[in-house]
C-alpha cells in the first residue's frame with residue numbers, strides 16, 4: 001500500500017458471491033447496456049452476464065473490470081414483517097408512514113408520522129430483510145466492508161465521500177457508512193477536480209470511495225486534502241492488475257451503531273444555481289420524511305398488488321436519485337434498475353425500460369423533453385411516472401399520457417426539504433402547470449416576509465412549517481446561511497409561488513429570477529412553458545435583462561428543433577405566439593437562438609449564466 005491510498009482489489013466474482021446482492025437483496029442481473037436482451041450474453045469479449053440466486057453466481061463470460069455502460073437489477077424480498085420501531089406494540093415501520101385514502105382530503109387529513117427515537121437508514125434497508133431465508137448470507141460482504149473502514153480509523157460522525165455512478169458498489173458504500181454512523185457524501189462522477197475539491201474540503205471528508213475511472217481526479221487533488229483525508233478506497237481492479245482479493249478480508253461480524261433518528265447521516269450538496277454549492281446535512285430520519293413524497297406522486301407506491309421495478313436516469317449522487325428512488329425502494333423491497341451510461345440516449349432509455357419491464361420512474365424534465373423530441377421513442381406502459389425540477393407544461397404532459405399511458409405527476413422540493421408538494425392522479429385531478437398540493441405529512445404555505453400566510457392567488461414565499469422529518473439539520477459549516485433559511489418556524493425555500501382556490505400551488509420562480517418589467521412581476525417558468533408549445537422550440541430559458549425604459553425586459557434563449565432554421569421571421573412568429581397564448585406584457589422582446597443552454601448537472605437551467613451571456617453580448 002502506498003501513502004494513504006488503500007486499493008481494494010477484489011474480483012467481481014468475490015464481490016457478488018459474498019454479498020452481491022448482499023446488501024441489496026436476493027438476485028442481481030448485471031449486463032452491458034448495449035445488449036439487446038437482459039437474458040442473453042454477447043459474443044463480445046467485454047460483454048458478460050452474471051446471474052445470482054441465493055448468493056450462487058453463474059458466469060457466462062468473464063471480465064476483469066466493470067464496463068462504463070451497464071445495467072443492474074437490484075431486488076429485495078417483498079415479504080417484510082419484522083418491526084424496527086422503538087415500541088414492540090407498534091406495527092412494523094414499513095407499514096407506517098403510508099399515504100392512504102380515496103381522496104386527497106382523506107389522505108392528507110388522516111396522515112400521521114411514525115418516527116422512532118432510534119433509527120438507522122443502513123440497518124433498516126438491509127437488516128430487516130434477513131428474515132427472508134433466501135438472503136441469509138446476503139450481508140456478509142457488507143459487514144466485511146464496514147469492518148474494513150473501521151480498521152482504517154473511520155469513526156462515527158466522520159464524512160465518507162462516495163464518488164460512484166449507479167450500481168451495487170454505490171448502494172453498498174452508502175449502506176456501510178450509515179451502519180457505521182458515518183456521514184455519507186454522494187458525489188457526482190461528472191464533477192471535475194475543482195468541484196470535487198470544493199465538496200471534499202468543505203465537508204472535511206476522511207475517506208473517499210471511488211472506482212478506477214474516477215481515481216485520477218481524486219489523486220490530482222489529494223495534496224490539497226491531506227489535512228483530513230485518511231483513505232482512498234477503490235472498487236474493482238483495472239484490466240492491467242491481476243484479480244486479487246487480499247485487501248478486504250475482514251471479519252464478517254459488525255455491530256451497527258445504534259443511531260438516533262436525528263443523528264447526521266448525509267451531506268448532499270445543492271446544485272449551486274445561485275452561488276457556491278452548500279452542503280445540506282440530513283439526519284437518518286430524512287428517509288422516513290421522504291416516504292409520503294415518494295408514495296404520493298408515484299400513485300401510492302409501493303402498489304402491493306403489482307410487481308414493480310423502479311428506475312431513474314438521475315444519478316444517485318443527487319437527492320432525486322438517492323432518496324427519491326434507491327433508498328425508498330430498498331426500504332419497501334421494490335426492485336431497482338441501475339443503469340450506468342456515459343450519455344443520456346432517449347431511444348436507448350426507452351428500450352431499456354421496455355426490455356426490463358420498468359413500471360415506476362422518476363424522469364427529470366430535461367429527460368422527458370429529450371424523449372419527446374425523439375420520433376423513435378417507444379410507448380411504455382407504466383404504473384406511475386413522477387417528475388420534478390421544472391414545470392412540465394401542457395404539451396409535455398399530453399405527450400406523457402400518450403407515451404406512458406399515465407399522467408406524469410409533477411412534484412416539488414429542494415435539497416434542504418424535498419418532496420413537499422406534488423400531484424397524485426389517482427387521488428385528485430392534475431392541473432397542468434401546477435406543482436400540485438401539499439403532500440400528506442407536510443404543512444406547506446405561501447407566506448410573506450413576516451411569516452404570515454398570504455391571501456389566495458397572491459404571490460409569496462413557498463415555505464414548510466417545522467419541525468418536519470424531511471427538513472435538513474443545517475448547512476454544513478454555514479450557520480449564517482442556515483439562519484437565513486427561516487422566518488420563525490417556517491423554512492423558506494427561496495422560491496415564489498401562489499396558491500389557488502382549490503389548494504393547488506403554482507411555481508412562479510426563484511426570488512432572484514423574477515423579472516420586473518414596467519411594474520409587472522413576471523415569472524420565467526410560465527413563459528418557458530408557453531414557448532415549449534411552439535413546434536420550433538426544443539428547449540428554452542427566460543431571464544430579465546436591463547432596459548432603460550421598462551427596468552427589465554424579457555429575453556428568451558431558444559434551442560430550435562433539429563429541422564428548424566433560425567430567422568428574423570421566426571422570432572416574430574414566436575413573439576406573437578406568446579402574446580396570443582399568454583399575455584402581451586410577458587412576451588420576449590428579445591430572442592436569441594443558441595445551440596445549447598447552460599444547465600446544472602441535475603438538468604436545471606442556470607439563469608445567472610444566461611444573464612452573463614447577455615452582458616457579454618453587450619460588451620462584444
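Residue numbers (the UniProt record's numbering): 1 to 620. All C-beta atoms, glycine included, are put in the ideal place defined by N, C-alpha and C. All values reported here derive from a predicted model rather than from experimental measurement.
* Asked: Taking C-alpha atoms, which residue in 276, 329, 366, 358 lies nearest to residue 346?
  -> The residue you call residue 346 lines up with position 346 of the chain shown. The candidate whose alpha carbon is nearest that of residue 346 is 366.
* **residue 470 in three-state terms, based on DSSP** => As a working mapping, residue 470 is identified with position 470 in the chain shown. Coil, per DSSP.
* Neighbourhood of residue 604 by C-beta, 7 Å cutoff - its chain only, sequence neighbours within 5 removed -> Counting from one through the chain shown, the residue named residue 604 turns up at place 604. 271, 273, 389, 390, listed in sequence order.
* Ranges of the alpha helix (DSSP H) found wholly within the segment 298-375, counting only runs of at least 4 -> For the segment 298-375, whole alpha helix (DSSP H) runs of length 4 or above, ordered along the chain, are 327-332, 346-356, 365-372.
* Asked: Are residue 425 and residue 506 touching if we call contact CB-CB under 7 Å?
  -> Position 425 of the chain shown, counted from the first residue, corresponds to residue 425. Position 506 of the chain shown, counted from the first residue, corresponds to residue 506. Not closer than 7 Å, so no.
* Measure from the C-beta of residue 517 to each C-beta in chain C and report whether the shortest distance is under 7 Å. => In summary, chain C is missing from the structure at hand, where a single protein chain is found.
* Asked: Comparing alpha-carbon positions, which option in 560, 529, 518 lies nearest residue 548?
  -> Within the chain shown, the letter at position 548 stands for residue 548. If we check each option's Cα against that of residue 548, 518 comes out closest.
* Measure from the alpha carbon of residue 504 to the alpha carbon of each residue in 265, 458, 483, then state which is nearest. => In the chain shown, residue 504 corresponds to position 504, counting from 1. Comparing alpha-carbon positions, the option among 265, 458, 483 lying closest to residue 504 turns out to be 458.
* Jot down the residue ranges of each uninterrupted alpha helix (DSSP H) in the segment 477-505, minimum 4 residues, whole runs only, in chain order. => Taking only runs of at least 4 residues, the alpha helix (DSSP H) segments lying wholly in the segment 477-505 are 479-484.
* To do: Might you give, ordered along the chain, the residues of its own chain that have their beta carbon closer than 6 Å to the beta carbon of residue 108, omitting 5 neighbours on each side?
  => Within the chain shown, residue 108 is the residue found at index 108, counting from 1. Cβ within range, chain order: 440.
* **Residues near residue 87 in its chain [Cβ-Cβ closer than 7 Å; skip 5 each side]** => By one-based count along the chain shown, residue 87 stands at place 87. With a pLDDT of 32 at residue 87, under the threshold of 50, the modelled position of that residue is not reliable, and the figure given next carries that caveat. Closer than 7 Å at Cβ, skipping near neighbours: no residue.
* **For residue 200, the first and last residue of its enclosing alpha helix (DSSP H)** => Position 200 of the chain shown, counting from 1, holds the residue named residue 200. Start and end: 193-203.
* **Proximal residues to residue 214 (C-beta, below 8 Å), its chain only, five neighbours per side dropped** => Here residue 214 refers to the residue found at position 214 when the chain shown is read from its first residue. In the same chain as residue 214, and ignoring 5 residues on each side of it, the C-beta atoms closer than 8 Å to its own belong to 163, 164, 189, in chain order.
* To do: Hey, could you find the ends of the alpha helix (DSSP H) residue 581 is sitting in?
  => Sequence index remark: in the chain shown, residue 581 carries index 581 (1-based). Residue 581: member of the alpha helix (DSSP H) spanning 568-581, first to last residue.
* Check whether residue 514 and residue 586 have beta carbons under 7 Å apart -> Reading the chain shown from its first residue, position 514 is the one you call residue 514. Reading the chain shown from its first residue, position 586 is the one you call residue 586. Residue 586 is positioned such that its CB atom lies no closer than 7 Å to that of residue 514.
* **Every unbroken beta strand (DSSP E) inside the segment 520-562 [3 residues or more]** => The segment 520-562 is shown to contain whole beta strand (DSSP E) runs of 3 or more residues at 520-522, 537-547, 551-560, in chain order.
* C-alpha gap between residue 196 and residue 212, whole angstroms -> Here residue 196 refers to the residue found at position 196 of the chain shown. Here residue 212 refers to the residue found at position 212 of the chain shown. Whole-angstrom Cα-Cα distance: 16 Å.
* Asked: Fully enclosed by the segment 384-441, which beta strand (DSSP E) runs are 3 residues long or longer?
  -> If one requires a minimum length of 3 residues, the beta strand (DSSP E) runs lying completely within the segment 384-441 are 384-388, 409-414, 417-422, in chain order.
* Rounded C-alpha distance that separates residue 500 from residue 291 -> Taking the first residue of the chain shown as position 1, residue 500 is located at position 500. Taking the first residue of the chain shown as position 1, residue 291 is located at position 291. Per the coordinates, the alpha-carbon of residue 500 lies some 26 Å from the alpha-carbon of residue 291.
* Asked: Whose CA, out of 207, 606, 560, 531, lies closest to the CA of residue 578?
  -> For the purposes of this step, residue 578 is taken as the residue at position 578 of the chain shown. Nearest C-alpha to residue 578: 531.
* Based on Cα-Cα distance, which residue from 193, 209, 235 lies nearest to residue 224? -> Taking the chain shown and counting its residues from 1, the one referred to as residue 224 is at position 224. Residue 193 is the option with its Cα nearest to residue 224.
* To do: Take residue 329 and list the residues in its own chain whose beta-carbon comes closer than 6 Å to its own, dropping the five residues that flank it on each side.
  => Mapped onto the chain shown, residue 329 falls at position 329. Excluding residues within five positions, the ones whose Cβ falls inside 6 Å are 310, 336.
* Asked: Taking residue 544 as the reference, which of 123, 510, 96, 559 has the closest Cα?
  -> The count along the chain shown starts at 1 and reaches residue 544 at position 544. Of the candidates 123, 510, 96, 559, the residue whose Cα lies closest to the Cα of residue 544 is 510.
* Decide if the segment 554-564 is in contact with the segment 485-493; the criterion is three or more beta carbon pairs, one per stretch, under 8 Å apart. => Touching, no.
* **Length of the line joining the Cα atoms of residue 382 and residue 358** => Within the chain shown, residue 382 is the residue found at index 382, counting from 1. Within the chain shown, residue 358 is the residue found at index 358, counting from 1. Approximately 7 Å between the Cα atoms of the pair.
* Where do the ends of the beta strand (DSSP E) carrying residue 460 lie? -> Start at 1 with the first residue of the chain shown, and residue 460 comes out as number 460. Where residue 460 is concerned, the enclosing beta strand (DSSP E) starts and stops at 460-465.
* Asked: How close, in whole Å, do the beta carbons of residue 184 and residue 208 come, if the pair is a contact with beta carbons under 8 Å?
  -> Here residue 184 refers to the residue found at position 184 of the chain shown. Here residue 208 refers to the residue found at position 208 of the chain shown. Not quite, the Cβ-Cβ distance comes to about 11 Å (not below 8 Å), so this is no contact.
* To do: May I ask you to report which of helix, strand or coil DSSP gives residue 586?
  => As a working mapping, residue 586 is identified with position 586 in the chain shown. When secondary structure is reduced to three states using DSSP, residue 586 falls in the helix class.
* Are the CB atoms of residue 179 and residue 256 nearer to each other than 7 Å? -> Working through the chain shown from its first residue, we reach residue 179 at position 179. Working through the chain shown from its first residue, we reach residue 256 at position 256. Cβ atoms of residue 179 and residue 256: closer than 7 Å.
* In the structure shown, what three-state DSSP assignment does residue 172 receive? -> Numbered from 1 along the chain shown, position 172 holds the residue referred to as residue 172. Annotated three-state conformation of residue 172 is helix, per DSSP.
* For residue 610, which three-state DSSP category applies? -> Numbered from 1 along the chain shown, position 610 holds the residue referred to as residue 610. In this structure, DSSP gives residue 610 a helical state, which the three-state scheme calls helix.
* If you run the structure through DSSP and keep just helix, strand and coil, what is residue 605? -> As a first step, residue 605 is located in the chain shown; it is residue number 605 there, counting from the start. Three-state result, residue 605: strand.
* Asked: Could you give the residue range of the beta strand (DSSP E) that holds residue 161?
  -> For this step, residue 161 is matched to residue 161 along the chain shown. For residue 161, the enclosing beta strand (DSSP E) stretches over residues 159-163.
* Below 7 Å CB to CB, which residues in the same chain sit around residue 485 once its five sequence neighbours on both sides are set aside? => Residue 485 sits at position 485 when you count from the first residue of the chain shown. Exclusion of the five residues before and after residue 485 leaves 416, 491, 492 as the residues of its chain whose Cβ lies within less than 7 Å of its Cβ.
* To do: Take every Cβ of the segment 94-110, pair it with every Cβ of the segment 310-324, and state whether three or more of those distances are shorter than 8 Å.
  => Verdict: no, contact absent.
* From which residue to which residue does the beta strand (DSSP E) around residue 225 run? -> Residue 225 sits at position 225 when you count from the first residue of the chain shown. Going by DSSP, residue 225 is part of no beta strand (DSSP E) at all; its letter is neither H nor E.
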